[in-house]
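Down below is the structure, laid out as structure tokens.
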């Protein structure tokens with residue numbers, strides 16, 4: 004799996020992640036905290052797929068997640084689909100789905116990422132190049 008150029012919304016990636024024994028809880032399914040690690044991998048894959056322009060610092064401002072099906076170690080892996088839903092002035096909203104090997108959506112939600120100015124310690128406006136890459140899925144390297 005890897006980068007997919009665009010969706011009807013913008014850039015999109017799908018990353019396959021192997022499940023580990025340490026991801027499981029005492030009930031035998033993926034611990035709820037691990038879902039957020041999976042989402043983080045998806046967000047990282049999306050931004051990395053845009054090349055150098057996608058390597059901007061950001062802070063995570065919001066995550067919402069609906070758990071729909073359990074994920075068990077026997078599933079072996081999950082696919083995390085991450086796609087741009089909205090590009091704002093300082094933030095982007097990405098949709099995310101965690102799917103089982105048979106295509107069943109195990110969890111779905113969205114995350115809001117705010118572009119960050121490390122020197123000013125505050126949000127900053129996205130550049131035109133960043134906005135274009137997020138909207139089209141093509142970034143300059």
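In my numbering, the protein residues as written are 4 to 144. Note that the Cβ used here is the ideal one computed from N, Cα and C, for glycine as well. Note that the coordinates shown come from a computational prediction; the quantities given were computed from them, not determined experimentally.
Taking its Cβ as the centre, do 16 or more other Cβ atoms sit within 10 Å of residue i, making it buried, or is it exposed?
{"i": "residue 99", "result": "buried"}
{"i": "residue 90", "result": "buried"}
{"i": "residue 92", "result": "exposed"}
Compare the C-alpha of residue i against each of the options and name the closest.
{"i": "residue 86", "options": "27, 30, 138, 23", "result": "138"}
{"i": "residue 40", "options": "53, 25, 60", "result": "25"}
{"i": "residue 22", "options": "70, 104, 123, 12", "result": "104"}
{"i": "residue 136", "options": "108, 129, 16, 53", "result": "53"}
{"i": "residue 78", "options": "92, 109, 36", "result": "109"}
Specify the secondary structure class of residue i as computed by DSSP and reduced to three states.
{"i": "residue 30", "result": "coil"}
{"i": "residue 131", "result": "helix"}
{"i": "residue 73", "result": "coil"}
{"i": "residue 102", "result": "strand"}
{"i": "residue 91", "result": "coil"}
{"i": "residue 12", "result": "coil"}
{"i": "residue 50", "result": "helix"}
{"i": "residue 112", "result": "strand"}
{"i": "residue 107", "result": "coil"}
{"i": "residue 84", "result": "strand"}
{"i": "residue 21", "result": "strand"}
Going along the chain, which residues of its own chain have a beta-carbon closer than 6 Å to the beta-carbon of residue i, five neighbours each way excluded?
{"i": "residue 5", "result": "Below a pLDDT of 50, predicted positions are generally treated as unreliable, and residue 5, at 42, falls in that range; no measurement from the model is reported."}
{"i": "residue 132", "result": "56"}
Using a Cβ-Cβ cut-off of 7 Å (strictly less than) and excluding sequence neighbours within five positions of residue i, which residues of its own chain qualify?
{"i": "residue 31", "result": "75"}
**Item:** Meets three-Cβ-pair contact criterion under 8 Å: the stretch 118-130 and the stretch 59-72
**Value:** Contact between the stretch 118-130 and the stretch 59-72 is present: three or more C-beta pairs spanning the two stretches fall below 8 Å.
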